[in-house]
Amino acid sequence: MKVLKFGGTSVGSPERIKNLYEIISSQSGDKKIIVLSAVAGTTNSLVSIAESFKNENKQEAIRQINDLHQFYKTFIDELFVSHDFKQFAEESINKHFDLLIGFANDLFTTAEEKVILAQGELISTFLFHLHLKEIDVKAVLLSALDFMRINEDGEPESDYLQENLQTLLQSNKNDDLFITQGYICRNAFGQEDNLRRGGSDYSASLIGAAITADEIQIWTDIDGFHNNDPRFVSNTQPIRFLSFDQAAELAYFGAKILHPQSVYPAQKNNIPVRLLHTLNPNAQGTLITNAHKPTKNIVAVAAKDNITAIRIKSSRMLMTYGFLRKVFEVFERYKTPIDMITTSEVAVSLTIDDKSNLDEIEKELSYYGDVTIDNDQTIVCVVGDFHANTHGHVSIVSDALKHLPIRMISYGGSNSNISLLIPVKDKIEALRALQNRLF
Ligand code: ADP
Ligand code: ASP
Ligand code: MG
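The opening position of the sequence shown corresponds to residue 1 in my numbering, with each subsequent residue numbered one higher.
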């Protein structure tokens with residue numbers, strides 16, 4: 001069985017949706033699970049509708065809902081051929097918009113917000129399923145809300161997923177084509193929730209792991225994983241092969257093409273992940289596997305924004321044993337992951353991207369030393385094969401960036417990563433300078 005995930009732009013217009021089945025049927029394998037994102041732009045619209053409700057700006061929310069509704073009416077009109085299908089699609093979609101409008105009368109909490117955010121994937125999968133019906137292709141629509149669940153820490157529950165998805169597949173065992181929503185799930189309280197922005201990749205990987213798929217395909221709007229961020233650098237190149245470790249580092253450190261957590265489930269179950277281009281289905285794309293032995297030392301660069309650097313300076317206590325544990329415990333208490341860390345004899349610097357408890361963290365850390373906070377930083381991450389017997393990589397990277405201020409540098413944490421912390425304003429220049437020097 002294969003899992004094929006199509007992102008927002010891949011389902012972004014009636015024309016694109018009409019092309020999907022050709023791609024799906026051209027892929028080998030008899031059974032497939034298709035994971036869909038919301039139509040491009042929809043989740044952003046839903047986010048701003050939820051914002052309007054949150055700000056008690058109901059008129060604005062209703063205006064935005066009506067705009068989105070109008071977009072889907074036109075979409076449906078272009079997607080379906082027969083009057084009956086158009087009518088049925090419109091009536092079904094109206095229910096989603098009635099639900100959205102209904103929030104104007106409710107108390108608005110994060111639970112309502114999550115329900116709003118779930119509508120995009122519910123609509124796109126419904127429309128694709130109905131389109132297949134119109135062209136006489138049999139497929140089963142599975143609701144991700146019946147098998148995808150996160151626990152109280154927001155972590156997916158893979159045993160629950162496996163058990164429930166297998167049961168659903170078993171009860172449709174004569175079917176070959178399944179469609180389900182990416183991104184959405186239930187939470188520990190049974191409410192609708194999601195796997196965070198870009199989460200459809202994560203859904204596909206989790207589903208692939210749950211059914212031990214032969215392959216997970218991520219179909220998107222670019223011909224694979226590029227060696228630098230194509231949004232900021234013009235001469236980037238697709239990478240044909242990546243190891244799971246390299247892909248995981250790049251995704252975690254900002255390569256938008258993959259959700260940060262999406263590599264791990266596939267890696268753990270040794271399921272190849274292939275990144276492919278919906279508009280150019282014959283392009284080779286990128287294959288991510290365990291088997292890959294990199295031929296080039298430096299493979300790619302990515303950058304992650306919104307980073308905060310925290311320095312704790314304490315000549316008195318630093319490097320006495322137990323000091324770092326106390327520092328880490330502060331972050332643990334506030335469930336705040338640390339990305340980078342560097343130490344010296346008198347200070348320790350670390351970075352976080354979740355600032356929601358920064359004030360409390362700062363207060364607790366100040367007990368151990370003088371605390372300095374720098375916001376608006378970016379981690380630039382250079383990924384490659386940096387085993388201990390390789391050499392020269394750090395000097396090439398630092399030479400490329402010698403005209404920029406570097407706040408922190410981290411090397412040797414893994415065999416595949418050199419990370420540098422720079423002010424966000426220097427990010428684009430850093431990515432371009434690295435592109436020119438490294439590739
Ligand atoms: P989808 O909607 O299909 O999930 P995304 O927008 O989430 O697509 O991801 C694809 C986009 O990721 C590309 O259009 C590209 O702009 C961006 N991107 C950022 N870094 C990279 C990279 N290293 N390689 C390829 N694409 C990247
Ligand atoms: N629709 C969701 C988003 O825009 C999930 C995804 O596309 O992966 O974030
Ligand atoms: Mg995406």
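Here a beta-carbon is modelled for each residue, glycine too, at the ideal position from N, C-alpha and C. Just so you know, these numbers come straight off a predicted model, no measurement behind them.
Strictly by DSSP, which residues pair up with residue i?
i: Asn417; result: Val383
i: Arg149; result: Arg186
i: Ser243; result: Thr289
i: Thr342; result: Ser349
i: Lys31; result: Its beta-bridge partners do not exist; DSSP assigns none.
i: Arg274; result: Gln217 and Leu287
i: Leu36; result: Phe6 and Gln181
Among the options, whose alpha-carbon lies nearest the alpha-carbon of residue i?
i: Phe253; options: Ile216, Thr236 and Asn306; result: Asn306
i: Ala266; options: Ile207, Phe323, Pro230 and Phe97; result: Ile207
i: Gln440; options: Val327, Ser205 and Glu215; result: Since the first and last residues shown for the chain are 1 and 439, residue 440 lies out of range.
i: Ile352; options: Glu345, Gly41, Arg186 and Asp374; result: Asp374
i: Ile361; options: Asn228, Ser349, Val346 and Thr336; result: Thr336
i: Ala433; options: Leu142, Leu401 and Asp193; result: Leu401
i: Ser344; options: Glu332, Lys355, Arg333 and Phe323; result: Phe323
i: Pro405; options: Ser158, Ile379 and His131; result: Ile379
i: Ser243; options: Thr286, Ile428, Gly190 and Arg231; result: Thr286
Rounding to the nearest angstrom, what Cα-Cα distance links residue i and residue j in this structure?
i: Ser82; j: Ile24; result: 23 Å
i: Ile271; j: Phe80; result: 36 Å
i: Phe147; j: Asp176; result: 19 Å
i: Ile341; j: Asn172; result: 50 Å
i: Glu528; j: Glu56; result: Since the first and last residues shown for the chain are 1 and 439, residue 528 lies out of range.
i: Lys363; j: Thr320; result: 21 Å
i: Ala61; j: His69; result: 12 Å
i: Phe178; j: Trp219; result: 16 Å
i: Leu46; j: Gly120; result: 8 Å
i: Ser264; j: Lys138; result: For the record, residue 264 in the displayed sequence is Tyr; it is not Ser. About 32 Å.
i: Phe439; j: Arg333; result: 42 Å
i: Asn436; j: Phe128; result: 43 Å
i: Leu142; j: Ser416; result: 38 Å
i: Gly29; j: Lys5; result: 15 Å
i: Thr42; j: Phe241; result: 32 Å
Please work out which residues of its chain come closer than 6 Å, Cβ to Cβ, to residue i, disregarding the five sequence neighbours upstream and downstream, and give them in chain order.
i: Asp136; result: none
i: Ser37; result: Gly7, Gly8, Gly182 and Ser200
i: Ala283; result: Asp223 and His277
i: Glu90; result: Ile76
What does the Cβ neighbour count give for residue i, buried or exposed, with the cut at 16 atoms within 10 Å?
i: Ser395; result: exposed
i: Asp339; result: buried
i: Gln166; result: exposed
i: Pro156; result: buried
i: Asp370; result: exposed
i: Lys2; result: buried
i: Gly413; result: exposed
Among residues of its own chain, excluding the 5 on either side of residue i, which ones have a beta-carbon nearer than 8 Å to its beta-carbon?
i: Asn161; result: The displayed chain sequence assigns Leu, not Asn, to residue 161. The answer, listed in chain order, is Phe147, Met148, Arg149, Leu206, Ile207 and Ala210.
i: Lys54; result: Phe108 and Glu113
i: Lys268; result: Ala209
i: Ser52; result: Lys58, Glu60, Ala61 and Gln64
i: Asp426; result: Thr378, Leu404 and Pro405
i: Thr390; result: Asn297
i: Lys256; result: Gly198, Asp229 and Arg231
Can you list, in chain order, the residues of its chain whose CB lies under 7 Å from that of residue i, leaving out five sequence neighbours each side?
i: Phe97; result: Ile65 and His69
i: Thr74; result: none
i: Ala213; result: Met1, Lys2, Val3 and Ile271
So is residue i in contact with chain C if we call contact Cβ pairs under 8 Å?
i: Ala139; result: The displayed structure is made up of one protein chain only, and chain C is not part of it.
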